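Chains as they are written, first to last, in this note's numbering: chain A, 13 to 357; chain B, 13 to 357; chain C, 13 to 357; chain D, 13 to 357.
Glycine residues also receive a C-beta, built at the ideal position from the N, C-alpha and C atoms.
From a predicted model like this one, the values you see are computed outputs, not experimental measurements.
Number of protein chains: 4
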Amino acid sequence: MKIGVFGASGYTGLELLRLLIRHPKAEVVFATSRRFAGQPVYAAHPSLINLTDLKFLDASATEVAQSAEVVFLALPHGISMEIAPTFHKAGRKVIDLSADFRLADLAVYEKWYGRHKAPDMIADAIYGIPELWRDQIKGARFIANPGCYPTSVILGLAPLLATDWIDRSSIVVDSKSGTSGAGREPQMGSLFCEVDEGFKAYKIGGQHRHIPEMEQALTKLTGESLTISFTPHLLPVSRGILSTIYVNMIRPIKVDDLLVAYEKFYQHEAFVRVYPKGLSPNLLCIRGTNYCDIGLAVDIRTNRAIIVSAIDNLVKGAAGQAIQNMNLICGLPEETGLELVPLFP
Amino acid sequence: MKIGVFGASGYTGLELLRLLIRHPKAEVVFATSRRFAGQPVYAAHPSLINLTDLKFLDASATEVAQSAEVVFLALPHGISMEIAPTFHKAGRKVIDLSADFRLADLAVYEKWYGRHKAPDMIADAIYGIPELWRDQIKGARFIANPGCYPTSVILGLAPLLATDWIDRSSIVVDSKSGTSGAGREPQMGSLFCEVDEGFKAYKIGGQHRHIPEMEQALTKLTGESLTISFTPHLLPVSRGILSTIYVNMIRPIKVDDLLVAYEKFYQHEAFVRVYPKGLSPNLLCIRGTNYCDIGLAVDIRTNRAIIVSAIDNLVKGAAGQAIQNMNLICGLPEETGLELVPLFP
Amino acid sequence: MKIGVFGASGYTGLELLRLLIRHPKAEVVFATSRRFAGQPVYAAHPSLINLTDLKFLDASATEVAQSAEVVFLALPHGISMEIAPTFHKAGRKVIDLSADFRLADLAVYEKWYGRHKAPDMIADAIYGIPELWRDQIKGARFIANPGCYPTSVILGLAPLLATDWIDRSSIVVDSKSGTSGAGREPQMGSLFCEVDEGFKAYKIGGQHRHIPEMEQALTKLTGESLTISFTPHLLPVSRGILSTIYVNMIRPIKVDDLLVAYEKFYQHEAFVRVYPKGLSPNLLCIRGTNYCDIGLAVDIRTNRAIIVSAIDNLVKGAAGQAIQNMNLICGLPEETGLELVPLFP
Amino acid sequence: MKIGVFGASGYTGLELLRLLIRHPKAEVVFATSRRFAGQPVYAAHPSLINLTDLKFLDASATEVAQSAEVVFLALPHGISMEIAPTFHKAGRKVIDLSADFRLADLAVYEKWYGRHKAPDMIADAIYGIPELWRDQIKGARFIANPGCYPTSVILGLAPLLATDWIDRSSIVVDSKSGTSGAGREPQMGSLFCEVDEGFKAYKIGGQHRHIPEMEQALTKLTGESLTISFTPHLLPVSRGILSTIYVNMIRPIKVDDLLVAYEKFYQHEAFVRVYPKGLSPNLLCIRGTNYCDIGLAVDIRTNRAIIVSAIDNLVKGAAGQAIQNMNLICGLPEETGLELVPLFP
């Protein structure tokens, strides 16, 4: 399969290249970058020296328009919606890693992100978390690849939302993300000296744009409108998101019950690892992989369930899940090219 | 004032030495260490080369028994209670940085920590958060210096608990600590390669020993029995604790109301910095200092207040607060020796 | 091929497991650990949850003696020499990752490491850097896998030593290693808080045990006795060794000449990447892979060549090179299971 | 003393503010920043909330022209030379932390940095390393504050250059710097994800602009023209420079001789700590302080002396040394405001 990658000089673009270079059924035929157009890929990504001979193209290059069967858009929101329609209309498979087509409700999108330039295409997009909506994805040819925070939160909550054990108005999500989530664009807040040895919350008080995306998915799972408290934090690590989720139980559930429910829910999933009692996910244990690791506990003193969910934001939270979706829509085994072992330490 | 430091070869001991070396009214006359007894202080703490000529003594050395007016115990729980009575009975001022005398209820202590060897002394101990119980501390000569997590949580919640705005059964505390909180004893989980690029929760589900300490203080502040959910996490930084606290509001309070309440509550406090609206604490901004920085937000969508509280676990969470208490019980200005400026970056 | 791994609970052992789990021709049939014997592998390596069902065995277990065709010894020096003879005599292929059989001269070994318990086997060991001694390795069944520092230094110097451009008495090697090189045994110097934000040299003045190993290899390459200055440093990263090597030129060589010489020397090597002029290796660019990246410069002001060589100490410096050697002695394509793409960031 | 700080929103500016806020004889009366002009200092430096009420001024503000007795220029090279003349001519004391007036030879400056706009002032500048040229500094009113790498290298070599033990043509300097040395200007190479877990050399082969500054100082110390090999590296830490220096001995000197020579040379210096035999400097041991720590070794196998020198690049390598110079030119005790204890961990 011939693959094109838009926005290939950023971290998500690099991660797509890292995975596609070793994907047995994929061949990257072009990679675009405004900043590095005309230069070899290793100019932006020295780690790929000798691993690819590609040169970056400008997004408007004519080679770009024709050659790829599947196109990944690793572009900022607002830009994806300018590129996606061309390929979608031309019948190519498009996997958009931006936020542009994740929100089904145009009004919600425009409230959080600003004006949408391709509103007609929103209805065509399938929100791509395979563990929850695999059947829809299989038949799709336009995927809205989920956000990183939402992936960790939605997978962490889905099995619990399938029960009648909880007060659904009580969900509190405290998430912590590595710095690659902020992208590769130079800005003061992402400098090494601003992040190293630091830790902070940001967009406190329900301000983060991933909130409507999470609530849309949780609402879809339950059939009722859900609202959550969500606070993101910036971790001094390069990769990974760990979400700690608090939910009030409305009946006395034991941790063993939780475990059984989660294990059953995810029993056929290759990329979700439900931890044995007493073990707790660690970003080091999923680094570089497409896993979502989940740990469970019950605080019997306060009658709350605590779910800890960990993903690599660049893999399961972006490029890995995008390739998982590609495999599905192209009829390949879902794990193709994603049989990764965590890099610890 | 002549000062003795027990357990001076660990991180808390080092931090006491760092601060006392420059304290204008204090002179460290002995420092003990079992492991380094007989060796110069720089053998354990090369950063202090040329800054002190002290040698470590064994805790049983005769010089130890007599020379100090104030004694700091930077020892593990279970050991402090063996040392404290001697000095307390001899009329010395004792500041215990362990957990041994923090819990007023013997049964609670023994449930969480095991058998207590000096139960008679518990009633003599004053729990030392000056911002909340300054008057009691001033008259004391035996201080139970608070734990690191509790200091960040109690200072973060106290102003809100003084209002009738909240549902006190709804408190969820998500705390993140730097690795120095695990101490200097070699153990696999504290190795660089186990922590670096990692992040995890631990003691999930109401298992951490600091919970009864927090609940005791919150109960003392409100006069009613309080229970909280508390989850600690391990951060890949050396210093600092940041607690994100979620509380349900029972009336529609604005963030400006919160700010006014907090600013008023702490208006005379040198070591609490309430942040302007929109700013959020960062561990880098309190590093090396005795500050507790507090940021506030309200999530109007879910009607929750979010309080973010940040301290340096080795300073306001241990050695700095201990010296603040020493200043108080010795009649010195509270800020003496603690006029520290954060080390950023 | 059935594989056994001794010492599988340390970082090198984990790295062997990480790579062998995905090796298409290998199956790990046992993994030993004194400390974790009887426990599942994920007890020591939670990153491998769901990736293996193995339990650790004790090294003396009977299953161990019989089942494996190839045995990796990821044990401390002094212990390997107790285990290796049994398997060697039984005709198994043995790849020893310790220092026990790297030094051909018994007297040199005993000077730097202490008494040798299997001196008769030393002559049977083949020193395993495939890029330099591939033919010897192919026919071997007992490999002394090179040390991490030596691998980076020997590969960095070999092409230059093949010329007559340099003063061979002038070699200065300044190496910097990530902390995983210190192993997983708990010790104060490897704690996160002792390493993070720190940097130091150690064993300064020709004290490091890898010096005789390097000099033996350099002498073998040149046919004349060579002595080098070598200073190791401890980096606050988990993985990687970068060596900066200074050599006096005895004739006016240009950087382009150097480049041509290095490119030619390594033209058929899959795991050595000689960088274009002006680019310089970075530990991030080889992380998790079996590459040795080499950058070259000439300081015309002082007439010195500067070679920068970077490897992942756990891969090309240990487990990866061991598997490369295994592939060779088992008649597999050398890159099997080692087609790794660097994890950046 | 009234103090002005130009370029106060960068890391060096912040470090000046950090130290001057607690300097007993200094009062910062203005701080300039183009980017943050008009905003409170805490907008750029949230760590200074509540510690100063200053607002940033634009460099052209009229308050700036008149109010300060001492002016620090923490500006990029090329900009300092535009500002310095005004204040110098007005009789103010000027301490320039840029490179603009460090090189006495205009031609050398212009070769490495480009055109100089105030060549007439070069002769007025005194190069400010107090340990070596204290008497000149005392009488000065215009200080060229040394670069960070040069400070570590010059202090590391000065005692050895005062002997006749070495081959002065053999000096190799391998230096490693924390990331704050790259400044606070957003650029891709300084992003957290580009530096974290990475390590690399840069400007290899005698390309770094600090080389002429070092050679000028070493030549001044010896009276003969000296050339050195110098390779800088980028460390994943925020602060600190550690230089490992290799020198060929021309006679058999022991490490004890070296120690005696260094201890004697620096016996009256408050800010140089020569380490006992066997101990080696660590960036953690000088963090946040004005110390230069020096460790010594001799490699008897190769007849080389190895000197390891460590400073905090923002303190002894910039702001701290600048204040040390200020103290000298203002007749204050040299250590005033600089009695700092390292922050470890």
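Can you give me the Cβ contacts of residue i inside the same chain, cut-off strictly under 7 Å, excluding the 5 residues immediately before and after it?
i	result
A/Trp177	Met261, Ile262, Arg263 and Ile265
A/Leu270	Leu308, Val310 and Ala317
B/Ala331	Thr24, Glu27, Leu28 and Leu31
D/Lys129	Met93 and Glu94
Just how far apart, CA to CA, sit residue i and residue j?
i	j	result
C/Ala282	C/Ile107	21 Å
D/Leu21	D/Ser45	Correcting the residue type first, residue 21 of chain D is Ser in the shown sequence and not Leu. Spanning the two alpha carbons is a distance of roughly 6 Å.
A/Lys14	A/Glu346	18 Å
B/Val327	B/Glu75	28 Å
D/His220	A/Asn339	49 Å
B/Ile216	D/Ile223	54 Å
B/Ala194	B/Tyr54	22 Å
C/Ile95	C/Ala334	17 Å
A/Ile149	A/Ser79	24 Å
Chain C partners of residue i, CB-CB under 8 Å?
i	result
A/Leu296	Ser59
Using the beta-carbon of each residue, which ones in chain D are nearer than 8 Å to residue i?
i	result
B/Leu63	Val353
C/Val310	Gly217
A/Ser250	Phe204, Cys205, Asp208 and Glu209
Looking at the C-beta of residue i, does it have a partner C-beta in chain C at a distance below 9 Å?
i	result
D/Leu254	yes
D/Pro288	no
D/Gly210	yes
A/Leu291	yes
Would residue i pass as an interface residue toward chain B - the criterion being a Cβ-Cβ separation below 9 Å?
i	result
D/Phe277	no
C/Pro52	no
A/Lys328	no
D/Ser164	no
A/Ala80	no
A/Pro171	no
Strictly under 9 Å for the Cβ-Cβ distance: is residue i near chain A by that measure?
i	result
C/Phe356	yes
C/Gly300	yes
C/Arg263	no
D/Tyr23	yes
Along chain C, in chain order, which residues have C-beta atoms closer than 7 Å to that of residue i?
i	result
B/Met200	Arg196 and Pro198
A/Ile33	Val353
B/Thr191	Phe204 and Cys205
Quick one: residues in its chain with C-beta nearer than 6 Å to the C-beta of residue i, no 5 flanking neighbours on either side, listed in chain order?
i	result
D/Met226	Pro162 and Val165
B/Gly159	His222 and Glu225
D/Ile240	Ile183 and Val185
Taking Cβ positions only, does residue i come closer than 9 Å to chain D?
i	result
C/Ser237	no
C/Leu247	yes
C/Val184	yes
B/Leu26	yes
Tell me, to the nearest whole angstrom, how far the beta carbon of residue i is from that of residue j; I am working on the premise that it is less than 8 Å.
i	j	result
D/Pro248	D/Glu209	6 Å
Under 8 Å Cβ to Cβ from residue i, same chain only, skipping five residues before and after it: list those, please.
i	result
D/Pro12	The requested residue 12 of chain D is not part of the displayed model; chain D covers only 13 to 357.
C/Met133	Met93, Ala96, Pro97, His100, Phe113 and Phe154
In chain D, which residues lie less than 9 Å from residue i when you measure between Cβ atoms?
i	result
B/Leu66	Per Cβ cutoff of 9 Å: no residues; B/Leu66 is ~14 Å from chain D at best.
Starting from the beta carbon of residue i, find every residue of chain B whose beta carbon is closer than 7 Å, and list them in chain order.
i	result
A/Leu318	Just to set this straight, residue 318 of chain A is Ile in the shown sequence, not Leu. Under the 7 Å cutoff, chain B gives Ile216, Gly217 and Thr243.
Give the residues of chain A in contact with residue i, contact being defined as C-beta atoms less than 7 Å apart.
i	result
C/Arg30	Val353
Is the closest heavy atom of the ligand SAM to the C-beta of residue i under 8 Å?
i	result
C/Leu247	The ligand SAM is absent from the structure shown, which contains no ligands of any kind.
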